[in-house]
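What follows is a set of notes on a single structure, which appears directly below.
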Amino acid sequence: MDRSSRSVRPRTLVCIGLGGVLLAIVALIDVQVTGPRISVQWSPAVTARARAALEGRYDLRNGELDQGTVWRYDLGNRSRKNIGALIHDRAVLDTGYIDRETLTPRPRDVRVTVRSFPYPFQDLVGNPSELIQLRISAALLLAGGVLLWAARAASMRRRRSVTAATLLLLGVFAVGFQVDPSFVTMGAVRDHLKDRTNFENNFAGRVRFEKHLSQTILLQLYLRLEPTETAPERVLVAVTRGITVWFLLSALLIGFLERWSPVVLRYLGLAVLAPATLMFFGWREFGYFSLNVAAFPLLARGLRDGGGRLEAGGAMTGLSTALHGSGLLALAGSWLAVLGTPATLKERVSRFLRVTAWFTAAYLGWVVIYVIVLKLPIAPDPGPGFASPWRPWLVDDVRQGRLAAAILSAAGVRDVLMSFWFVGAPLLVVVLSLWRRYRDEVRAALWYLPPSIVFVILRWPFEGIGGGTDLIVAGFPALYALAWVCAQDSKRTTIAAALLVSAHFAFWQAVLDPRFQTELP
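So the working numbering is basically just the index in the sequence shown, starting at one, shifted up by 272.
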């Protein structure tokens, strides 16, 4: 019995597989039967009511207006007597698709076609070959899956080796296969790269305080390149690759500090799976530069143990904020987490000051170099033509030819919910389920969360959530706080991973669907 079951099982699986293939092929075959058809030109004197009565008399079905008084029908009664009566009816001026000598209609037209194989976002891309751009999502899903698998290994050495190899290969892929800027909208980068004049007007001659470190690095690299028309694009690509390397180094750092524990591997797996990591594949805007995968784990460990990791978390947050000002949301979250963690008033104030001091040093220490060494003036970033960066509450607003949908409108609610989906906010449900077992970690994450929630709701992306994706993901640094808590439990990690995988669909839908753009026709 066992032997026969072993021999039957493979055959059964093969049969099931072949049956599935045949069903798929049959589902793609489209058979259209047309006719017999007839065209009737009614007299202008025929009313709609009279025409309906005549259609019933001559069994004319599924009428479609062609033009004027000409209608097309499926002919139900194909007898010569019926056709002859129709042709000679005074209400009929002319007919088509009928042989008047034999009083017969044309035969049925049977067409067999094969539908194109369904593929994701086929209503949003012109050609299936364009979906090759989605390979970066496939790379993240593969890398994240490998890290989650490696977290189960009993050997620390194996966990370390697999993590280092996976992140290295992911970095090589991210540097070599960047997002095609012609495939998606990346803010106003196309305008900045039109020519050297536009590029220099935006980046040269001064330091924009909102992204002072990244813009200064960009400018210094630009000044060292040959002054050709390709220099702006080359330097921007170089900077985005540098940020990718920084992201991977931060991931390796927290892995090392956590001794490659299963928890940190699960955390890194979730961080890699998040759609926010797609930005590190050469997204040519600066908002996501403020994301740091190591900052919250360092903060959480510092709050629990009271050691130097608290200062390290503040410094990491400050450095990320120097790269882009969106990191201030992470600072606000850190402050709330520090003040919300149970401790004496003296301890809370001490922790608050430690985080603030190291943040300030890493954030503003660079200004001395800009002013004294590089002799560059510092200026604010005016943004897109001084348009208000905040969503209206009740009534839609038009700003510089773009629609700012109200928060409480259908479009506004849609945009906010879609944004929350692809930034990873649904992980909050998983985090709340861990309150009893990991109360300290959950509490820190919940205090860290409000600035991110408020920002995503209130901030209006000038190009829409599809074009301003970098600012949307940058506005939700709480992703890493939620992922850190989920990683404490292996089963919850699996649920969180499934949510993040689904978020890739939301990300590409928002990026590719013109409904999520704000530009008015």
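Ideal Cβ placement from N, Cα and C applies to all residues, glycine included.
Quick caveat, the model's predicted, so the values are computed rather than measured.
- In the displayed model, GLU557 falls within coil according to three-state DSSP, outside both helix and strand.
- Distance between SER315 and ARG309, taken at the CA atoms: about 20 Å.
- Measuring C-alpha to C-alpha distances from TYR345 to each of GLY335, GLN339, LEU420, ALA594 identifies GLY335 as the nearest.
- Cα atoms of PRO786 and GLU482: separation of roughly 29 Å, rounded to the nearest angstrom.
- Cβ atoms of ASP742 and TYR560 come within 8 Å of each other, at about 5 Å.
- DSSP links VAL312 through a beta bridge to TRP343, THR367.
- Judged by DSSP secondary structure, ARG711 falls within the alpha helix (DSSP H) whose first and last residues are 711 to 720.
- Nearest in C-alpha terms to ALA609, of all of VAL639, LEU365, ARG576, is ARG576.
- Inter-residue distance for TYR494 and LEU646 is about 14 Å (C-alpha atoms, whole angstroms).
- At a Cβ-Cβ threshold of 8 Å, VAL507 and LEU521 do not count as neighbours.
- Residues of the same chain with a CB within less than 7 Å of the CB of ARG620, apart from the 5 flanking positions on each side, are VAL610, LEU611 in chain order.
- By the neighbour-count criterion, in which a residue is buried when 16 or more other Cβ atoms sit within 10 angstroms of its Cβ, GLU713 is buried.
- Excluding five sequence positions before and after PHE445, the CB atoms of its chain that fall closer than 7 Å to its own CB belong to ALA411, given in chain order.
- In the structure shown, ARG496 falls within a coil segment according to DSSP collapsed to helix, strand and coil.
- Put simply, of ALA634, ALA584, THR632, GLY578 the residue whose alpha carbon is nearest the alpha carbon of ALA615 is GLY578.
- In its chain, beyond the 5 residues on either side, VAL447 have a beta carbon closer than 6 Å to the beta carbon of ARG513.
- Using a Cβ distance threshold of 8 Å, THR589 and ALA572 do not count as a contacting pair.
- Rounded to the nearest angstrom, the Cβ distance from ARG538 to MET428 is 15 Å, too far for a contact under 8 Å.
- Contact between the segment 683 to 701 and the segment 536 to 550 is established, with three or more Cβ pairs separated by less than 8 Å.
- Contact between the segment 593 to 605 and the segment 632 to 649 is established, with three or more Cβ pairs separated by less than 8 Å.
- The Cβ neighbour count for ALA415, taken over all protein chains shown within 10 Å, is at least 16; the residue is labelled buried.
- Looking at the DSSP output, THR376 bridges to ASP371.
- DSSP places LEU420 outside any beta strand (DSSP E); the residue lies instead in the alpha helix (DSSP H), whose first and last residues are 407 to 422.
- In its chain, beyond the 5 residues on either side, HIS464, GLN487, LEU490, LEU491, TYR494 have a beta carbon closer than 8 Å to the beta carbon of PHE475.
- For the 8 Å CB-CB criterion, GLY368 and SER311 form a contact.
- Here the C-alpha atom of GLN339 lies approximately 41 Å from the C-alpha atom of ALA677.
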